[in-house]
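A quick write-up on the structure given underneath.
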Amino acid sequence: MARVYQVPRHAFPWLLAGALLASLPHLWRGPLWLAVVVPVLLGWRTLIQRGVLAMPGKLIRFPLLLAVIGATLYSHGTVLGPEAGVTLLVAAFALKMLEMFRLRDAYVAIILASFVLATTFLFSRDPLTTLYIGVALVVVMAALVGINDPESGVSPWRHLRQSGLMILQALPLMLVFFVLVPRMPPLWNLQVNQQQAKTGMSDSMSPGEISRLSRQSGIAFRVEFDGEVPPPAQRYWRGLTYGWFDGRRWSQALPPEVRQQEYLRFPNGPSPEWYERLLAERGEPDWRYRVVMERTGQQWLYALSVPFSNRQEVGLARDLRLVRRTDIESTFDYQVDSYQMPVAHQGLPEWERRFYTSLPQEGGNPRATQMAKDWRASATGDGAYITRLLLWFNQEEFYYTLEPPLLGENTVDEFLFRTRRGFCEHYASSFAFMLRAAGIPARIVAGYQGGELNPLGNHLLVRQYDAHVWVEAWLPGQGWVEFDPTGAVAPTRIEQGLDAALAEYGESALTGLAGALRGVPLFARLSLLADYIEFGWAKWVLGYSQQNQLEFLSRWLGKVTPQRMVMALAAVGGVIMLAMLLWMLWRVRRPRLVWWQREHRRMTQMLSRRGVPLAPHLTSAQIVQIASEYFPAAGQPLQDWQRCYDTIAYRKEITEPMVLRRQLRRLRRLVGRRLIRPIRLNPKTDLQREA
Amino acid sequence: MSTTIGRAISAVSSVVLGKDEQIRLAVACMLARGHLLIEDLPGMGKTTLAHALARVFSLDYRRVQFTSDMLPADILGVSIYDPDTRQFQLRQGPVFAQLLLADEVNRATPKTQGALLEAMEERQVTLDGVSRPLPEPFFVIATQNPVTQAGTFPLPESQLDRFLMRISLGYPSAETELALLSGSDRRDHASTMKPEISSAELMQQMELVGKVHASADLIDYVQRLLAHSRDSGLFVVGLSPRAGLGLLRAARAWAFVAGRDYVTPEDVQVVLGPVTAHRIQASTGGASATSTQQLLEAVPVVRRS
Amino acid sequence: MKRFGRTARQLWQRWLQRRIPPSRKVTLDQRRIFIFPTGYGFLFLLIAALLFIGGINYENNLLLGFSFLLVSLFLIAILHTFRNLAGVTLVAGGMRPGFAGARGALEVRVQGGAHAHRSLWLRWPGAVAEEVSVEPGQQQSLWLTVQLSRRGRQDSGRLRVETRYPLGLLRSWSLVDLDHQCLAWPKPLPGGECPASGGEDDAGQQHQRGGNEEFEGLRSYVAGDSLRLVDWKSYARGRGLNTKQFSDPAEGRLWLEWQRLPGVDPESRYSRLCYWVLELDRAGERYGLILPDGSLEPDLGPLQRERALEILALSGEGGG
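Chains as they are written, first to last, in the working numbering: chain A, 1 to 691; chain B, 1 to 305; chain C, 1 to 320.
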């Protein structure tokens with residue numbers, strides 16, 4: 001074969017640009033040496049292309065490969081796993097460019113480039129990244145078109161246009177696949193972000209942790225309400241509860257005598273008694289909403305009051321919080337119905353009472369303990385005691401601050417009677433301690449409070465700095481009741497959010513550029529728009545899961561079965577493919593016939609139907625002559641028709657087209673009326689005479 | 001106007017018997033400013049036809065018998081030193097005529113043929129670096145023996161293109177032959193014929209031929225014929241654009257001879273054979289006339305879609 | 001097993017024959033175009049599958065979307081690769097004969113349809129492929145070599161037209177029988193006596209040809225007479241232009257004869273004759289041919305050589 005196996009020169013601009021664009025996001029993110037090595041290798045390749053440097057031999061390439069593997073091991077400690085794998089892949093891909101000379105190498109490099117490009121999605125999923133990857137793919141495919149176009153000296157833009165066109169055409173098909181290809185549960189458990197930090201709340205809380213979280217403006221989750229949005233004071237997003245206090249740290253824990261199945265209820269799992277009672281007691285939901293969560297790497301889900309979710313992988317714990325079966329590794333959305341209802345009927349068994357009143361054994365915080373015992377003794381009941389305590393918080397010189405002083409051994413004593421400067425975790429922690437010290441069962445609830453309403457999408461945006469902790473106490477006859485000591489100290493925090501509350505004490509949660517920009521109206525509006533887009537993206541693209549797919553498709557297909565899905569996929573995809581094929585093949589239309597040509601066709605068709613043997617190559621005069629022999633009666637109008645037709649078709653420019661048009665039509669009809677009683681001479685001999 | 005042409009045609013017909021169609025074609029060819037190639041065996045009346053045409057149109061007529069040892073100068077002319085006047089004098093070759101009959105043009109060497117054909121194309125002759133225009137009007141009627149005869153140099157395809165038409169007279173019909181045999185030698189008649197049209201008038205008529213109208217439909221038909229000749233595989237090589245122009249020119253002249261000021265598809269169909277006969281080669285190796293007929297039958301006169 | 005392979009091949013050929021019957025002009029349409037992924041196409045799909053599995057396992061919808069985009073691109077590439085071949089018209093053109101055992105060439109004219117066709121590869125079976133691109137409505141002429149195995153008219157077989165444009169992930173192709181034939185001259189076989197009648201002597205005289213012509217006399221110059229024959233001496237003496245007249249010379253001629261090669265098998269005879277035709281042509285001799293089923297009048301020059309070789313190629317075929 002005379003094929004040229006070398007990469008054509010004109011394909012190089014796109015090849016190099018595609019390689020660069022494919023590896024760029026990884027250079028940003030990956031180890032430093034990668035950001036140095038890849039541009040150097042690509043620059044080297046460019047110089048080779050320019051003829052400045054020679055192609056490196058195996059003796060250079062092999063040690064380079066070893067060095068790259070070594071560097072990956074050094075940076076990641078392994079060459080396996082997604083992080084290290086992608087680093088190695090990008091580096092190896094850049095090395096592949098170095099040895100690219102034959103067409104085969106170019107094919108492999110381009111297909112690898114698209115793979116490298118796709119791995120970016122492991123680390124970043126926002127709309128802008130997606131747009132970037134789309135553009136980069138156009139360039140990579142332009143390189144593929146380039147190496148397949150052997151014509152030298154063609155404009156590279158032609159290849160870019162071709163590739164862009166093809167990707168545009170591929171988009172509708174992709175959409176169909178995206179919507180219709182059945183989603184499956186993971187085949188095996190793979191965790192991409194093992195080294196990536198977990199975000200948001202953790203399963204324990206020590207002083208200073210929540211305030212650290214409050215300095216982050218990252219998005220925790222977004223909520224879309226079906227109906228009215230609750231007022232700020234009611235937006236307590238419960239995430240997890242801390243029941244165990246070791247004197248300094250509050251943690252989530254289960255008393256040893258409780259079994260997991262008793263405590264946590266998942267759909268299709270065993271249904272504990274408390275859950276049945278809860279179901280029986282609930283009335284109409286107060287709020288119905290959908291939460292779209294960002295990745296946290298943890299299981300906790302956030303919801304209001306007493307939540308019920310319809311999702312298979314979401315369970316309800318005895319302490320009335322939603323939990324996902326597995327960690328949230330990608331955008332996750334769930335529908336919730338929340339009920340504002342008393343939960344006294346759940347009861348407080350002895351083990352639970354013991355657990356929620358437990359305090360560290362060795363008598364820490366003696367002063368606070370003593371005060372709690374004294375006050376409780378003098379109070380008429382639990383309620384009065386709590387009211388007095390909250391009033392005390394409100395009236396004493398307590399400060400709400402993000403930068404509290406450090407606390408020593410007896411954290412509660414020090415905070416309540418010495419420093420008196422703290423953030424929500426200090427208030428909640430000491431408040432819960434005071435309750436337990438007085439023998440009232442209490443627990444700390446961690447979650448978010450508040451949220452910013454985006455008027456564009458009418459959804460609530462909850463950020464990390466909305467993180468909050470508060471307290472729940474068990475009151476006889478009422479069950480678990482929420483108390484927020486922070487609200488007693490700084491009511492603004494609850495009504496208007498963190499910023500407003502801190503402003504009262506002359507502080508700001510967000511420092512630097514982000515904080516400064518928040519005040520600019522244009523930026524605020526733009527960030528609202530960006531949030532709106534991102535929410536849609538998260539809801540429709542990132543969060544399109546097996547469950548959403550089923551819900552969405554059942555609207556169109558009725559019952560969703562795999563067969564129906566495959567059939568719908570084939571049908572819609574096939575129709576799109578066919579439409580595109582037709583569009584591509586028949587984009588060039590032929591010129592239409594003009595009216596006299598159509599008239600001529602009608603005439604010949606009419607004569608043929610009546611048995612006159614006509615061939616397309618006959619001129620009008622010949623047609624008329626043959627037809628006249630078959631139908632002598634029509635001879636005269638036939639001749640007139642022919643004269644008229646020749647005048648129109650062949651004479652100088654006609655002046656009165658409408659008149660002639662009518663005339664031609666009239667003559668044809670006249671001929672039609674005269675085509676009667678054909679006299680069969682001997683058609684065969686006639687024809688021979690003609691020929 | 002066409003009556004004069006009609007008179008001329010009937011005058012020629014009285015000398016060249018039974019060849020009305022060919023005479024009309026020859027006249028049309030002249031009116032279209034084209035050169036004519038007649039392919040025939042000797043003794044078919046080629047010379048008579050040429051001579052008669054020259055007489056009727058009152059053209060200055062020369063005849064050259066081509067042989068294998070002829071040089072280009074034998075046709076174009078040569079500068080000769082005249083001892084009397086002691087100067088070089090141009091002896092104009094036979095090409096300086098209004099109607100040149102180039103008899104058996106395929107006997108000459110390609111070089112000599114080339115000289116003639118170049119003069120035909122450019123309508124001027126360059127001698128000793130000086131260009132001399134040929135007289136107006138200027139026609140060449142070349143005759144050629146069928147290639148099967150030995151010792152000939154068939155004209156190359158590129159040069160055949162310079163002739164507008166190729167016709168052949170063929171044997172006369174029985175009646176014509178009888179008339180021919182019983183009458184006196186027709187060739188003498190040719191030399192005694194009286195002119196019907198002056199050459200100036202002829203030029204005028206040629207002017208009018210150019211104004212014969214070819215409509216868009218007709219040009220479309222011609223184009224489809226050309227396209228089909230290239231696409232159909234009927235011919236080894238399809239018709240060239242020059243052949244297309246020639247076809248249209250010939251059709252105009254034919255329409256003019258028929259007394260019309262516009263071209264109809266019939267005109268194209270009539271001249272298609274003569275115009276294309278020498279330009280294309282049937283891919284089947286058979287006679288080109290058959291393939292031309294096939295071409296004609298394959299292309300609809302009126303566009304169908 | 002072998003027989004099974006042969007039967008399958010025959011069935012395939014018969015099916016092709018029905019589907020794409022021989023014609024000197026073929027326009028490629030969906031009935032005549034086959035399409036299948038290339039190795040790179042499969043690699044591309046493999047990458048898409050890997051990304052799909054990754055997307056499922058990492059619950060990453062964007063990875064899934066990317067893999068769907070690659071698959072869609074592949075599907076769109078089917079249409080484009082098909083379209084790149086659809087509408088191409090192939091017309092059998094001229095033929096350049098060659099010697100048996102060597103290569104000849106057949107012309108194929110490639111005509112574009114309503115859109116451009118890029119990077120088409122054409123080849124006859126067992127021959128070298130040529131690449132061509134055609135703009136819409138244009139025509140490109142390609143001379144494609146064919147291997148000539150034996151003397152005579154040789155069927156070219158099915159022309160393979162192939163394209164991978166635009167992405168190289170798919171190959172669409174057609175096998176077209178253009179009813180094209182190439183002429184194979186006999187393979188020249190040197191050696192042996194020149195199988196000619198007419199003798200060396202006659203041939204030798206060709207070079208002094210002019211001297212043998214007999215001078216007959218003078219006649220006055222007529223326009224059109226060769227200037228070489230003008231009697232310039234008498235013109236210089238002031239007797240006007242006169243033309244010398246010669247009688248036709250008797251020419252030496254050489255007949256190459258099939259009969260003069262007894263005891264040699266027929267094919268070798270043609271080969272010998274072919275060798276001598278070429279030799280005599282190089283020497284500028286005048287020669288003719290006498291074969292069992294035809295003959296050629298003596299002559300010289302390239303045209304004569306062509307004719308001689310053609311007769312030698314076709315002889316024995318029963319009037320080619």
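All C-beta atoms, glycine included, are put in the ideal place defined by N, C-alpha and C. These numbers were taken from a predicted model, which means no experiment stands behind them.
C-alpha gap between residue i and residue j, whole angstroms
i	j	result
A/G408	A/D374	25 Å
C/F36	B/V275	48 Å
A/Q663	B/R63	55 Å
A/P25	A/T120	7 Å
A/Y263	A/R290	25 Å
B/A26	B/L36	7 Å
C/R164	A/T87	33 Å
B/R303	A/Y650	14 Å
C/L144	B/S68	38 Å
B/Q204	B/M120	21 Å
C/Q208	B/L169	Caution is warranted here: a pLDDT of 35 is assigned to C/Q208, below 50, making its placement in the model unreliable, and no coordinate value can be reported.
C/L309	C/R14	35 Å
C/Q17	C/S149	23 Å
A/E257	A/R354	12 Å
A/R318	C/G55	34 Å
A/A501	C/L75	58 Å
Min CB distance residue i to chain A below 8 Å
i	result
B/V12	no
B/R304	yes
C/S197	no
B/P274	no
C/V26	no
C/L51	yes
Continuous beta strand (DSSP E) stretch holding residue i: start and end
i	result
B/M165	F163 to I167
A/F308	V306 to S309
B/M65	Residue identity differs from the one stated: residue 65 of chain B is Gln in this sequence, not Met. Counting along the chain, the beta strand (DSSP E) containing B/Q65 begins and ends at Y61 to Q65.
A/N454	E452 to N454
Element boundaries [alpha helix (DSSP H), containing residue i]
i	result
B/T46	The sequence as given places Lys at residue 46 of chain B; Thr does not occur at that position. Its alpha helix (DSSP H) spans residues K46 to V56.
A/K559	First-last for A/K559: undefined, no H or E at that position.
A/Q640	Note that residue 640 of chain A is Asp in the sequence shown, not Gln. Where A/D640 is concerned, the enclosing alpha helix (DSSP H) stretches over G635 to Y650.
A/S338	Premise fails: A/S338 lies in the beta strand (DSSP E), F332 to Y339, not in any alpha helix (DSSP H).
CB contact below 8 Å: residue i versus chain C
i	result
B/D82	no
A/P562	no
A/A17	no
B/S158	no
B/G330	Past the edges of chain B, shown from 1 to 305, lies residue 330 of chain B, and the structure says nothing about it.
A/Q169	yes
A/L553	no
Own chain, CB closer than 8 Å to residue i, minus 5 neighbours either side, in chain order
i	result
A/P360	F245, D246 and G247
Close beta carbons around residue i, own chain, < 7 Å, minus the five adjacent residues each side
i	result
A/L42	L16, A19, L20, A94 and M97
Closer than 8 Å to chain B by CB, residue i
i	result
C/T145	no
6 Å CB neighbourhood of residue i in its chain, flanking five on each side removed
i	result
C/R109	V91, G93, Q139 and S141
Closer than 8 Å is the cut-off here; do at least three beta carbon pairs connect the segment 52 to 69 of chain C with the segment 115 to 135 of chain A? The segment 115 to 135 of chain A and the segment 52 to 69 of chain C touch, with three or more beta-carbon pairs separated by less than 8 Å.
Examine the Cβ distances between the segment 343 to 354 of chain A and the segment 309 to 317 of chain A and report whether three or more of them are shorter than 8 Å. no
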